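Residues 516 to 608 (the working numbering) are what the sequence shown spells out, left to right. Glycine included, each C-beta is placed from N, C-alpha and C at the ideal position. These figures come from a predicted structure and were not determined experimentally.
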Amino acid sequence: MATVIAHNLSATNAFNKLTVNNSGTSKAMEKLSSGYRINRAGDDAAGLAISEKMRSQVKGLNQASRNAQDGVSLIQTAEGALGEVHNMLGRMK
516 MATVIAHNLS ATNAFNKLTV NNSGTSKAME KLSSGYRINR AGDDAAGLAI SEKMRSQVKG
576 LNQASRNAQD GVSLIQTAEG ALGEVHNMLG RMK
């Protein structure tokens, strides 16, 4: 913990500048280490809202794609079953 000398004006100013610089350095290091432009809402609130909306749209589209693939698989299974029924009926003739 840092010691602050209250009666020394230049020491107080230096301490305040050091605190501001440390805060800025911490924020810059957080951005650099994460690789993201927006780490929290305070960085860019509008950008974060847009990003979250796009993320939810991508999740919805991915789910729609999986649903479509499941539908294709179901149709292929039904087609195979109908083919087998057709073969059985042909043998019964």
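If you run the structure through DSSP and keep just helix, strand and coil, what is residue i?
i: Ile590; result: helix
i: Asn602; result: helix
i: Gly562; result: helix
i: Ala557; result: The sequence shown places Gly at residue 557, rather than the Ala named in the question. Correct three-state label for Gly557: coil.
i: Arg552; result: coil
i: Lys568; result: helix
i: Gly574; result: Looking at the sequence provided, one finds Lys at residue 574 rather than Gly. Helix.
In terms of residues, what are the limits of the alpha helix (DSSP H) holding residue i?
i: Ala543; result: 524-549
Compute the beta-carbon to beta-carbon distance between residue i and residue j, rounded to the nearest angstrom, for a pair I have assumed lies under 8 Å.
i: Glu545; j: Asn537; result: Contact doesn't hold; Cβ gap of about 13 Å is too wide.
i: Leu547; j: Ala556; result: Incorrect: roughly 19 Å between the Cβ atoms, too far for contact.
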